Structure formats: C-alpha cells, structure tokens
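Protein chains in written order, with our numbering: chain X, 370 to 563; chain B, 414 to 580.
See below:
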C-alpha cells in the first residue's frame, strides 16, 4: 500500500538525476548491484530466520503462546471498550497480540484479521470502524514485539560487537509508541470520559 | 542484565516447556525453521526492488544530497543524518526499512549511533500503511477515522524516544 508510488518515484528520480548529471555508468552499475546485495542479504538472514522460526515453533507447539494469550485476556478486556457483541473477538485479539509479542508475525495476522472481521460484523453502521477496532489496529501498527529478532539477526550479520544491545532501547521505544497510541485512541474515541 | 543471555534463556524456556508439554522438540523446531526460511525467501523479491532503488539513489549521489538537505532539520531534533531513509521508509515498507538499516550499518558501521538508532526504530515499529490497509480492508472498513494519523503520531513518538535513549 503506497509502495507502488514510492517505488516509481524513487526509480524515476534516480534515473532522471543520473541522466541529468551524466552518471549513466554509475547508474548502470548501481542497478545491477542492488539485486546482488538483496540476494546476499537474504541468504545471510535466512539462517537466523530459520533459527528464530524454529524457536518460535517450540514456543507455539508447547502451548507457551496460548498461555501468554490466556494471561493477556484479563488486562485486555479492560483496555478495550467493547461495543455490544464485540467481546466475541477477545480470544482472537489475545492470540494476535501474544503472537505479535513473540515476533510470530505470520501466526499473528490470521487471528488479527479474524478479530477485525468479528468486530466489524457488530457495527450497526457498515463500513465504519468502532473505537475498539481502531485501538486494536493501533496496537498492531505500533508493534508490541518483545524480542526484535530480525534486527538482532541483521546486526549479527553486519558484525556488531553485541548484536542484542538494541533489545532494551527497542523495548522502551516500542512501549512509548504503544502507550502514545493507546492514549491518543482514548482522546479521539467517541465515548470520551467513560 | 547482559543482553546476550536473553536468547539462550528464551531457548531454554522454550525447550523446557516443550518437554513438559511432551511434544517432539526436534520436529517442532524443524517445522518452525521451515517457516522462517519461507519468510526469508518471501521477502527476497521486495528486497531486490527496494535495494535496487536505494542503490541507484546512493551511487548517483542523490541520497547524500537528500541527507544534506534533511540534516539540519534532523540534527535540530537530535537525529543523525544517516537515519533519514529508515525513518521515512519504515511506515511504508518493512523490507525497505530493512534494506536501509543494512545500508547504514555497512556505511556507518554496525556499532555507530546511527546504525543502532535505525535498528531500534525498525525493531520498535510496524509498517503502518501496510498493516492498516490489510486489517481495515479485510474487515470492509471504509471510514477508518483516526486510525492512520494516530498510528503515525505514535510512530513519531517512538522515533523520538529511540533518539533520546540511543547515545
């Protein structure tokens, strides 16, 4: 979404700039080098992705993920101000957010979409997002991941002295973003002060 | 606490709970690893697209010029110039942000402030536009009200928090 425009603008601007400044040679090399870099990056990430995927497989199949979902149930039912019927989505919301926390994006999305559809069916006015739906969306767009596995893998591959040294700052930053998102949702919600 | 203990500790917890649940640890790991590999190769075409564009902009000097233009603005709010690409692309595309973070680490060094900041920003946020359109679209929402503005302001708050912590 929006990526098509960004991609076109970047390439068009790049090519036109290269042509205007007489850098056809550099542009040609850069265009071919980009793909090579991508394949190298992907290959060096694949090993770490496989390891993290394996560990997440253990977490999911041992029931640790559903345990976290159960623990989230009570605080979440307070956080969301459900309209009539929307509570039916709570289980999927718990599954989605706990999978998000564990960095299992692929496992989180199906549950998240199901929760969204469940809540959408409860709306009297079709096509309008309720406050609970928007809060749920904002929780998903502000990321609640506890362990930034992709970034750790990337840093390890780039030769960082301690690839995991970003874990605590990331947790703080994500907490600030999520807290800010929840607060703004409260301020913007139609049922203020209740 | 030493961060390098986090991963082994998490793995230990995962193995112990898998043993307690009496599941086949090896099979579960392999199934998960297969999913991880699929993810890695699923993002490859996107990485090619974005890295090609980024490579073009960098090699022809346009990225440097963009950074020079943005530098005073970014410096004024405490952000290193190298982080311009990551900060602007992160809400649009995860793989684009990933590519720019990798770029910063290769050029400025993995342990530089800019690289660590970009890693923190990327790890602490989501692709707002993609997630938003996916979730709202699949639920048939036409009036998304304050969803995207709130998400973007929250993202900006996260960026500033990251800049304040990463020194």
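Note that beta-carbon positions come from the ideal geometry of N, C-alpha and C, so glycine has one too.
These figures come from a predicted structure and were not determined experimentally.
> Helix, strand or coil: how does DSSP classify residue 556(B) here?
Replying inline: On the second chain, position 143 is the one that residue 556(B) refers to. Residue 556(B): strand per DSSP, three-state reduction.
> Within 10 angstroms of its Cβ, does residue 557(B) collect 16 or more other Cβ (buried), or is it exposed?
Replying inline: Counting from one through the second chain, the residue named residue 557(B) turns up at place 144. The residue is buried, with at least 16 neighbouring Cβ atoms inside 10 Å.
> Is the Cβ of residue 477(B) closer than 8 Å to any Cβ of chain X?
Replying inline: The residue given as residue 477(B) occupies position 64 in the second chain. Put simply, the CB of residue 477(B) is far from chain X, with every gap to its CB atoms at 8 Å or more.
> Does any CB atom of chain X fall closer than 8 Å to the CB of residue 454(B)?
Replying inline: Indexing the second chain from 1 puts residue 454(B) at position 41. Taking Cβ atoms only, chain X reaches closer than 8 Å to residue 454(B), which makes this a yes.
> Going straight from the alpha carbon of residue 522(X) to that of residue 420(X), what length do you get?
Replying inline: Looking up residue 522(X) in the first chain gives position 153. Looking up residue 420(X) in the first chain gives position 51. For residue 522(X) and residue 420(X), the distance between alpha carbons rounds to 10 Å.
> For residue 497(X), which residues does DSSP report across the bridge?
Replying inline: One-based indexing of the first chain puts residue 497(X) at position 128. Partner(s): 556(B).
>> Under DSSP, the alpha helix (DSSP H) around residue 450(B) begins and ends at which residues?
In response: In the second chain, counting from the first residue as 1, residue 450(B) sits at position 37. Its alpha helix (DSSP H) spans residues 438 to 455.
> What residues of chain B sit near residue 452(X), judged by a beta carbon separation below 8 Å?
Replying inline: Your numbering for residue 452(X) matches position 83 in the first chain. Near residue 452(X) there are no residues of chain B at all, since even the closest Cβ is about 14 Å away, more than 8 Å.
> CB-CB under 7 Å to residue 484(X), same chain, minus the five flanking residues each way: which ones, in chain order?
Replying inline: Stepping through the first chain from its first residue, residue 484(X) is reached at position 115. Hits under 7 Å: 458, 461, 462, 465 and 505.
>> In whole angstroms, give me the CA-to-CA distance for residue 473(B) and residue 447(B).
In response: Taking the second chain and counting its residues from 1, the one referred to as residue 473(B) is at position 60. Taking the second chain and counting its residues from 1, the one referred to as residue 447(B) is at position 34. For residue 473(B) and residue 447(B), the distance between alpha carbons rounds to 39 Å.
> When DSSP labels each residue in this structure, what does residue 391(B) get in the three-state scheme?
Replying inline: With chain B covering 414 to 580 only, the question about residue 391(B) has no answer from this structure.
> Shorter than 8 Å from the beta carbon of residue 519(B) to some beta carbon of chain X?
Replying inline: Against the second chain, residue 519(B) aligns to sequence position 106. Closer than 8 Å: yes.
>> Excluding the 5 residues flanking residue 547(B) on each side, which residues of the same chain have their C-beta closer than 8 Å to its C-beta?
In response: Position 134 of the second chain, counting from 1, holds the residue named residue 547(B). None.
> In terms of residues, what are the limits of the alpha helix (DSSP H) holding residue 538(X)?
Replying inline: As a first step, residue 538(X) must be located in the first chain, where it is residue number 169. If you look at residue 538(X), you'll find it in the alpha helix (DSSP H) that goes 536 to 557.
>> Using beta carbons (cut-off 8 Å, strictly below), is residue 483(B) in contact with chain X?
In response: Translated into the one-based positions of the second chain, residue 483(B) becomes position 70. Chain X contact via Cβ: absent.
> DSSP state of residue 528(X), grouped into three classes?
Replying inline: As a working mapping, residue 528(X) is identified with position 159 in the first chain. Looking at residue 528(X) - three-state DSSP - the assignment turns out to be coil, as it is neither helix nor strand.
>> Using only CA atoms, which one of 505(B), 504(B) and 529(B) lies nearest to residue 514(B)?
In response: As a first step, residue 514(B) is located in the second chain; it is residue number 101 there, counting from the start. For the residues 505(B), 504(B) and 529(B), the minimum Cα distance to residue 514(B) belongs to 529(B).
> What in chain B is Cβ-close to residue 479(X), meaning under 8 Å?
Replying inline: Residue numbering aside, residue 479(X) sits at position 110 when the first chain is read from its first letter. Within 8 Å Cβ-Cβ: nothing; residue 479(X) doesn't reach chain B, min ~10 Å.
> Is the segment 493 to 504 of chain X close to the segment 468 to 478 of chain X, with three or more CB pairs under 8 Å?
Replying inline: Flag = no, the segment 493 to 504 of chain X and the segment 468 to 478 of chain X do not touch.
> Where does residue 514(X) fall in DSSP's three states?
Replying inline: In the first chain, the residue the question calls residue 514(X) occupies position 145. Three-state DSSP puts residue 514(X) in coil, outside helix and strand.
> Which of the three DSSP states, helix, strand or coil, is assigned to residue 414(B)?
Replying inline: As a working mapping, residue 414(B) is identified with position 1 in the second chain. Only weak support is given to the placement of residue 414(B): the predicted model assigns it a pLDDT of 48, under 50, and the value that follows is read from those uncertain coordinates. In the structure shown, residue 414(B) sits in coil (DSSP, three-state: anything other than H, G, I, E or B).
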